[in-house]
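A.B. asks:
There are 2 protein chains.
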Amino acid sequence: MNLILLAPGDIEHGQQACIRDPRRLRHLKEVHRARIGDSMTLGVAGGGIGRGELLALDEEEARFALSTLNTPPPPPLPVHLVLALPRPRMLARSLEHVTALGVKTITLLHSRRVEKSYWQSPELAPDKINGHLVLGLEQARDTVMPKVNLAKGFRPFVEDVLPGLLETRRGLLAHPGMPQACPRGIDEPVVLVVGPEGGFIPFEVERLLEAGCEGIHLGPRILRVETAVTALLARLF
Amino acid sequence: MNLILLAPGDIEHGQQACIRDPRRLRHLKEVHRARIGDSMTLGVAGGGIGRGELLALDEEEARFALSTLNTPPPPPLPVHLVLALPRPRMLARSLEHVTALGVKTITLLHSRRVEKSYWQSPELAPDKINGHLVLGLEQARDTVMPKVNLAKGFRPFVEDVLPGLLETRRGLLAHPGMPQACPRGIDEPVVLVVGPEGGFIPFEVERLLEAGCEGIHLGPRILRVETAVTALLARLF
Chain A
1 MNLILLAPGD IEHGQQACIR DPRRLRHLKE VHRARIGDSM TLGVAGGGIG
51 RGELLALDEE EARFALSTLN TPPPPPLPVH LVLALPRPRM LARSLEHVTA
101 LGVKTITLLH SRRVEKSYWQ SPELAPDKIN GHLVLGLEQA RDTVMPKVNL
151 AKGFRPFVED VLPGLLETRR GLLAHPGMPQ ACPRGIDEPV VLVVGPEGGF
201 IPFEVERLLE AGCEGIHLGP RILRVETAVT ALLARLF
Chain B
1001 MNLILLAPGD IEHGQQACIR DPRRLRHLKE VHRARIGDSM TLGVAGGGIG
1051 RGELLALDEE EARFALSTLN TPPPPPLPVH LVLALPRPRM LARSLEHVTA
1101 LGVKTITLLH SRRVEKSYWQ SPELAPDKIN GHLVLGLEQA RDTVMPKVNL
1151 AKGFRPFVED VLPGLLETRR GLLAHPGMPQ ACPRGIDEPV VLVVGPEGGF
1201 IPFEVERLLE AGCEGIHLGP RILRVETAVT ALLARLF
């Protein structure tokens, strides 16, 4: 937790902030070993970042005196990530990685090799997803929550939604065996599409290319989804 | 498990291979749902890769008829990764990520912000480390085991070992706030040094720069070690 993320309601009179959730109170005590008078980094959800001095810490709450929270959060990546829904544990870690890296729009997509049971996972509950996004923001000292969309039908997304996204963005389909190596250091808005473990099936690859995506690869190694997504984002931007 | 890694002793008369460990037998049954006659990818530790046909699968063993295992493994990354010893769970995942990405030489280094207890972790037992390296190789269809060295003293490593490594390699110290952005797409041998959660202390940064490392950064976001290492490798090579 490199930043304490405040909801607007956590701030009183613009000068003090108070957090009460057990997870962060425990983290402050056990990991930070925080003491009264410590200076810590805080930020307002969707807003600026600054420092606060710890005034009180007990079983119920932590209270901070705030400086002006006017440092902007780090810049986002200009990417809409479309990720075939990973298995639940991999989903959790992937959401944390990509949020820390600065992704702000994520669509979780069905595809043939996504097990249908994954869509029933408790990890998809909004609270659970939110929890992983917050962990990613806290890690990277960011304040801007990503938006996560669920696309439970492959064809409706690829036929009805994707073409509109690609009107103003470059579409990149990361898939083993595609002809073009992943581009490096680009600076334009991108829709990045990443398949499930085992990859998209040929029919799906064809539909994505038809919709206007360029096929790219990361070399001959087969990577886990969470490794591949991090590697793609690091190479692209 | 995208490749079944064979020890030379697993191959009989150069034509059949037999594996008996419960982990892989279970994986073949439960994840691959393998059936007699299935064709799978196999490779010999340190050697070539090919296909094999599953001849038998029971509680005791899986037996394959081998084709010629003569496809070379994917090329390694030209990097010696020097990583401040992460906490045990992060170590496990980091070893899998970097092995899958093609790192062949890893030094786990002590530094001030590495908790001394981490050096006592059962995760550092050679068998445990080996297990994570094998998972990385199986994932990426590689056969060449990385070498992992333990450097339990920061100064002995930086003063006595690192200068020799840097005679023939470019030294890069990844540390927040360094002046130079991480270079992209280089093709020369590198020693990549990555600090612990919380970073190297200033004294350590100075010693590493004195030893000949260039300081590089990945931008304003603070990343977890496993995310940072994957991002650095993907951007560098």
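If you read the sequences in order, they're chains A and B.
FYI, in the working numbering the residues of the first sequence are 1 to 237.
FYI, in the working numbering the residues of the second sequence are 1001 to 1237.
Backbone N, C-alpha and C define an ideal beta-carbon position, used for all residues, glycine too.
1. Residues of chain A with CB closer than 9 Å to the CB of B:Gln-1139, please, in chain order.
2. Tell me, which residues are paired with A:Ser-67 by DSSP?
3. Are the CB atoms of A:Ser-67 and A:Arg-89 nearer to each other than 7 Å?
4. I'd like the list of long-range same chain contacts for B:Gln-1016, defined as Cβ closer than 8 Å, with 5 residues on each side in sequence excluded.
5. Entirely within the stretch 188-222 of chain A and at least 4 residues each: give me those alpha helix (DSSP H) ranges in chain order.
6. If we define contact as Cβ-Cβ less than 7 Å, is A:Ile-13 a contact residue for chain B?
7. When you compare the CB of B:Thr-1105 with every CB in chain A, is at least one pair closer than 7 Å?
8. Can you give me the Cβ contacts of A:Ile-112 inside the same chain, cut-off strictly under 7 Å, excluding the 5 residues immediately before and after it?
9. Between the Cα of A:Leu-135 and the Cα atoms of B:Leu-1091, B:Gly-1199 and B:Leu-1223, which residue gives the shortest distance?
10. If I measure Cβ to Cβ from B:Ala-1174 and keep anything under 6 Å in the same chain, skipping five residues before and after, which residues do I get?
11. Measure the C-alpha to C-alpha separation of A:Ala-125 and B:Leu-1025 and round it to an integer number of angstroms.
12. A:Ser-111 by DSSP, collapsed to three states: which one?
13. Who are the near neighbours of B:Ala-1034 in its chain, counting only those whose CB is closer than 8 Å to its CB and skipping five residues on each side?
14. Can you name the residues of chain B whose CB is closer than 8 Å to the CB of A:Leu-101?
15. Shorter than 7 Å from the beta carbon of B:Arg-1087 to some beta carbon of chain A?
16. How would you call A:Pro-196, buried or exposed, if buried means at least 16 neighbouring beta carbons within 10 angstroms?
17. With a cut-off of 8 Å on the beta carbons, I'd call B:His-1097 and B:Val-1191 a contact; round off their distance for me.
18. Is there a Cβ of chain B sitting closer than 7 Å to that of A:Ala-291, yes or no?
19. In three-state DSSP terms, what is B:Gly-978?
20. Anything in the stretch 1173-1206 of chain B with a Cβ closer than 7 Å to a Cβ of chain A? List those residues in chain order, please.
21. Could you check where the beta strand (DSSP E) with A:Asn-149 kicks off and where it finishes?
22. Buried or exposed: where does A:Thr-168 fall if 16 or more other Cβ atoms within 10 Å of its Cβ makes it buried?
23. Return the residue from the list A:Arg-170, A:Ala-228, A:Glu-59 and A:Pro-189 that minimises the CA-CA distance to A:Leu-208.
C.D. replies: Considering the structure as presented:
1. Locating residue 1139 of chain B in the second sequence gives position 139, where the first residue counts as 1. Close partners of B:Gln-1139 in chain A (Cβ separation under 9 Å): Arg-221, Ile-222, Leu-223, Arg-224 and Thr-227.
2. The sequence position of residue 67 of chain A within the first sequence is 67, counting from 1. For A:Ser-67, which the question treats as bridged, DSSP gives no partner whatsoever.
3. Indexing the first sequence from 1 puts residue 67 of chain A at position 67. Indexing the first sequence from 1 puts residue 89 of chain A at position 89. Cβ atoms of A:Ser-67 and A:Arg-89: not closer than 7 Å.
4. As a first step, residue 1016 of chain B must be located in the second sequence, where it is residue number 16. Cβ neighbours of B:Gln-1016 beyond the five flanking positions: Leu-1055, Arg-1063, Phe-1064, Ala-1065 and Leu-1066.
5. Residue ranges of uninterrupted alpha helix (DSSP H) with 4 or more members, entirely inside the stretch 188-222 of chain A and ordered along the chain, are 202-210.
6. Along the first sequence, one-based indexing puts residue 13 of chain A at 13. The sequence shown places His at residue 13 of chain A, rather than the Ile named in the question. With its beta carbon at least 7 Å from every one in chain B, A:His-13 lies outside the interface.
7. Position 105 of the second sequence, counting from 1, holds the residue named residue 1105 of chain B. Judged by the 7 Å Cβ criterion, B:Thr-1105 is not in contact with chain A.
8. Against the first sequence, residue 112 of chain A aligns to sequence position 112. What sits at residue 112 of chain A in the sequence shown is Arg, not Ile. Hits under 7 Å: Ile-201 and Glu-204.
9. Numbered from its first residue, the first sequence carries residue 135 of chain A at position 135. Ranking the options by Cα distance to A:Leu-135, first place goes to B:Leu-1223.
10. In the second sequence, residue 1174 of chain B corresponds to position 174, counting from 1. In its chain, beyond the 5 residues on either side, Val-1194, Ile-1216 and Leu-1232 have a beta carbon closer than 6 Å to the beta carbon of B:Ala-1174.
11. Indexing the first sequence from 1 puts residue 125 of chain A at position 125. Indexing the second sequence from 1 puts residue 1025 of chain B at position 25. When only Cα atoms are considered, A:Ala-125 and B:Leu-1025 end up about 34 Å apart.
12. On the first sequence, residue 111 of chain A is found 111 positions in, with the first residue counted as 1. Looking at A:Ser-111 - three-state DSSP - the assignment turns out to be coil, as it is neither helix nor strand.
13. Your numbering for residue 1034 of chain B matches position 34 in the second sequence. Within the same chain, B:Ala-1034 has close Cβ partners Leu-1028, Met-1040, Leu-1054, Leu-1057 and Ala-1062.
14. By one-based count along the first sequence, residue 101 of chain A stands at place 101. Listed along the chain, the chain B residues whose CB falls inside 8 Å of the CB of A:Leu-101 are Arg-1221, Leu-1223, Thr-1227 and Ala-1231.
15. Counted from its first residue, the second sequence places residue 1087 of chain B at position 87. It does not: the Cβ of B:Arg-1087 has no partner Cβ on chain A nearer than 7 Å.
16. Residue numbering aside, residue 196 of chain A sits at position 196 when the first sequence is read from its first letter. A residue is called buried once 16 or more other Cβ atoms fall within 10 Å of its Cβ, and A:Pro-196 is buried on that count.
17. On the second sequence, position 97 is the one that residue 1097 of chain B refers to. On the second sequence, position 191 is the one that residue 1191 of chain B refers to. Not confirmed; about 18 Å, so no contact.
18. Residue 291 of chain A lies beyond the range of chain A shown here (1 to 237); nothing can be said about it.
19. Chain B is shown only over 1001 to 1237; residue 978 of chain B falls outside these bounds and no answer can be derived.
20. Residues Arg-1184 and Gly-1185.
21. Mapped onto the first sequence, residue 149 of chain A falls at position 149. Start and end: 147-151.
22. Residue mapping note: residue 168 of chain A aligns to position 168 of the first sequence, counting from 1. Classification for A:Thr-168: exposed.
23. Within the first sequence, residue 208 of chain A is the residue found at index 208, counting from 1. When only C-alpha atoms are compared, the closest one is A:Arg-170.
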